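Start counting the sequence shown at 0; every next residue gets the next number (numbering that gives the first Met the number 0).
Have a look at the structure below, then the notes.
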Amino acid sequence: MIYKTLRVDANFTVSEAVKFIAETVNCSSLLVGSEGLFVPDEKRWLDDGTPLSAYETLQDVEHIEFKDKNATAAPGQKPGDDDCCIIL
């Protein structure tokens with residue numbers, strides 16, 4: 000697990016934020032198109048086309064996860080519950 004604190008422009012859409020994060024942590028060549036931002040406290044994925052500024056609750060969450068939406072969960076975990084690629 001890698002913890003990384005990043006400042007992301009609130010005017011970015013979720014898709015733009017995903018690309019920015021991938022470029023910042025030097026993994027943009029690994030993107031497959033199904034990555035997204037997941038808010039574990041709310042147990043929901045953020046909509047790819049929505050600007051980050053539209054999510055008022057993002058200012059209050061402890062962390063956001065950057066991960067593949069299609070990744071399978073480890074045994075004993077539900078999809079979305081794994082700790083892959085957490086962005087604080």
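Cβ coordinates follow ideal geometry from the N, Cα and C atoms, glycine included.
In this text the structure is predicted, and so the values were computed from the model without any measurement.
Can you tell me whether residue i is helix, strand or coil according to DSSP?
i, result
"Ile85", "Caution applies to Ile85, whose pLDDT of 46 falls short of 50 and renders its modelled position unreliable; the value that the coordinates give is listed next. Reduced to three states, the DSSP call for Ile85 is strand."
"Lys66", "strand"
"Glu61", "coil"
"Glu117", "The chain is shown from 0 up to 87; residue 117 falls before or after that span and cannot be answered."
"Thr23", "helix"
"Thr4", "coil"
"Leu90", "The first residue shown for the chain is 0 and the last is 87, placing residue 90 beyond what the model contains."
"Thr49", "coil"
When you compare the CB positions of residue i and residue j, do they come within less than 8 Å of one another, or not?
i, j, result
"Phe65", "Leu30", "no"
"Asp8", "Ser33", "no"
"Asn25", "Pro50", "no"
Could you pull out every residue in the same chain whose Cβ sits closer than 8 Å to the Cβ of residue i, ignoring the five residues on either side in sequence?
i, result
"Thr56", "Val38, Glu41"
For residue i, does the count of other Cβ atoms within 10 angstroms reach 16, so buried, or fall short, so exposed?
i, result
"Val13", "buried"
"Asp53", "It is worth fixing the name first, because residue 53 is Ala in this sequence and not Asp. With fewer than 16 Cβ atoms within 10 Å of its Cβ, Ala53 is classed as exposed."
"Val17", "buried"
"Ile63", "buried"
"Ile1", "exposed"
"Leu45", "buried"
By Cβ distance below 6 Å, which residues in the same chain neighbour residue i in space, the five residues on each side in sequence not counted?
i, result
"Val60", "Val38, Asp40"
Apart from the five residues on each side of it in sequence, which residues of its chain come closer than 7 Å, Cβ to Cβ, to residue i?
i, result
"Phe19", "Val7, Phe11"
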